[in-house]
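> I'd like to ask some things about the structure below.
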Amino acid sequence: MFSALRVTFLTLILTLSLGSYNYIYSQENEVADDSVLVDDAKEIVDVETVNHDDPIEAIFHHVTDANEIQVWGDIVFPLPVIVRKADGSWSTGISSQYVDGKDGLVLSHGHIVNVETHSKDGLMDFSITKNVFMMILSVIVLSYLFLGVKNAYTKRGVTSAPKGFQSLIEPVFIFLRDDFIEPNLGKYTDKFSPYIYSVFFFILINNLFGLIPFFPFGANLSGNIAFTMTLAVLTLIITNVSGSKSYWSHIIAMPGVPKALWLLLTPLELLGILTKPFALMIRLFANITAGHFIVLSLTSLIFILGSNGASIGGAIGGTAVAVPFVLFMNALELLVAFLQAYIFALLSAIFIGLAVVEEH
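Take the sequence shown: its position 140, counting from 1, is numbered 157 in the numbering used here, and each next residue is one higher.
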């Protein structure tokens, strides 16, 4: 069973490399001279500092990616910056070095931008952002846990009773295999189950980390469209590259269907190839993001009704209303964290099974 983990971390590294790449490129003029850099940067920072008294701005600041991690209040954890500018030169450092501007770039709203245009136009950003940091952390944790389980099986064998984390995780693997992996993949179970296991646990652990409201956790990684798109594209590639002759014949030239209808049905079938991963991408992104928005919006009631500290009575009333709903939503979010990982893995197994199993 755990021999499947040999390819788990290769999949995770591929996800990391694809999902973390922020590419925004357009032809722009070169940045301002260094002689005016600091003054321009300070002006931008003074004007554009995130207003945490504005609940909408504070919520969006939390759910979006950034080049730093907020620890508590104004205390932030800086992250590595790796940016290729429009003129071909590179700027590297840590995000705290860009607060007052560096190399024609400045840290504004938690993002590295061009100090002159105050945008990412002309920049290729390869930085370790908050979401990338969370992915690296999740890969480290998964590696530690599952390599420990693998070593336990190597040491004690598969006939002895599992112990510790091994006893917790073995029923999960068996459940996933018996519930939908083997029924959908049949004789191809051993070939594709490593990917299904990988995507399930990778999504699950990042969903759970996103629910922990303190450093270094709390990033809305599964609510990042680039992250969910990368996972969906992996399923798309595996499904169609592994597709059998029967699978492609039912898409391009449906047997038993009059040829006159091929012109109508074939484009629809080809469109269906794209709609399946699109549904995977949007479902995970929308559900996780919505949960974060609801919890943060309910929490904001305390500060809205309390007029940001001006009204003690309003704050008490807001707390009485918000806390029960926040606790309920957090419990629901915990269920959603498992459910969305399960659904993504389930649908991936179904899509792959439809492509490779002949009797489908």
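Note that beta-carbon positions come from the ideal geometry of N, C-alpha and C, so glycine has one too.
Terminal residues of the continuous beta strand (DSSP E) containing Leu-381?
No answer is possible for residue 381: it lies beyond the span of the chain, which begins at 18 and ends at 377.
> Does Ser-125 come out as helix, strand or coil in the three-state DSSP assignment?
On the sequence shown, position 108 is the one that residue 125 refers to. Correct three-state label for Ser-125: strand.
> Is the separation between the beta-carbon of Ala-249 and that of Pro-200 shorter than 8 Å?
As a first step, residue 249 must be located in the sequence shown, where it is residue number 232. As a first step, residue 200 must be located in the sequence shown, where it is residue number 183. No.
> Could you check where the beta strand (DSSP E) with Val-100 kicks off and where it finishes?
By one-based count along the sequence shown, residue 100 stands at place 83. Per DSSP, Val-100 belongs to the beta strand (DSSP E) from 97-101.
> Give every residue of the same chain whose Cβ lies closer than 8 Å to the Cβ of Val-444, excluding the five residues on either side of it in the sequence, and list them in chain order.
In the structure displayed, the chain extends from 18 to 377; residue 444 sits before or after that span and is not available.
> So what does DSSP say about Asp-314, is it helix, strand or coil?
Translated into positions along the sequence shown, residue 314 becomes position 297. Per the sequence shown, the amino acid found at residue 314 is Ser instead of Asp. Ser-314: helix per DSSP, three-state reduction.
> Alpha carbons only, please: which of Gln-87, Glu-187, Gly-181 and Ile-191 is nearest the one belonging to Thr-146?
Along the sequence shown, read from residue 1 onward, the residue named residue 146 stands at position 129. Taking only the C-alpha atoms, the option nearest Thr-146 is Gln-87.
> Answer yes or no: do Leu-280 and Gln-357 have a C-beta to C-beta separation smaller than 8 Å?
For the purposes of this step, residue 280 is identified with residue 263 of the sequence shown, where counting begins at 1. For the purposes of this step, residue 357 is identified with residue 340 of the sequence shown, where counting begins at 1. Taking 8 Å as the Cβ cut-off, Leu-280 and Gln-357 do not qualify as a contacting pair.
> For the pair the stretch 169-182 and the stretch 97-110, tell me if three or more CB-CB distances fall below 8 Å.
These segments do not touch.
> If you drop the 5 nearest sequence neighbours on each side, which residues of the same chain put their C-beta closer than 6 Å to that of Val-116?
Start at 1 with the first residue of the sequence shown, and residue 116 comes out as number 99. Correct list, in chain order: Leu-124.
> Using DSSP with H/G/I as helix, E/B as strand and the rest coil, what is Met-271?
On the sequence shown, residue 271 is found 254 positions in, with the first residue counted as 1. Correct three-state label for Met-271: coil.
> Going by C-alpha to C-alpha distance, which of Ile-319, Phe-244, Leu-318 and Val-374 sits closest to Phe-219?
Against the sequence shown, residue 219 aligns to sequence position 202. Phe-219 has its Cα closest to that of Phe-244, out of Ile-319, Phe-244, Leu-318 and Val-374.
> Would you kindly report the start and end of the unbroken beta strand (DSSP E) that includes Lys-111?
Position 94 of the sequence shown holds residue 111. Just to set this straight, residue 111 is Ile in the shown sequence, not Lys. Start and end: 107-111.
> Once the 5 residues before and after Glu-85 are set aside, which same chain residues still bring their CB inside 8 Å of it?
To locate residue 85, count along the sequence shown from 1; it is residue 68. If we look at Glu-85 and ignore the five residues flanking it on each side, its Cβ neighbours are Val-93, Phe-94, Pro-95, Leu-96, Ser-112, Ser-113, Leu-124, Gly-127 and Lys-147.
> Could you please give the first and the last residue of the uninterrupted beta strand (DSSP E) stretch that includes Gln-10?
Because the chain spans 18 through 377 in this model, residue 10 falls outside it and cannot be assessed.
> Restricting to Cα atoms, I'd like to know which of Thr-256, Thr-247 and Ile-305 is closest to Ser-239.
In the sequence shown, counting from the first residue as 1, residue 239 sits at position 222. Nearest C-alpha to Ser-239: Ile-305.
> With the cut-off set at 8 Å, would you say Leu-351 and Leu-228 are in Cβ contact?
Working through the sequence shown from its first residue, we reach residue 351 at position 334. Working through the sequence shown from its first residue, we reach residue 228 at position 211. Cβ atoms of Leu-351 and Leu-228: closer than 8 Å.
> With burial defined as no fewer than 16 other Cβ atoms inside 10 Å of the residue's Cβ, what is the status of Asn-223: buried or exposed?
In the sequence shown, the residue the question calls residue 223 occupies position 206. It counts as buried.
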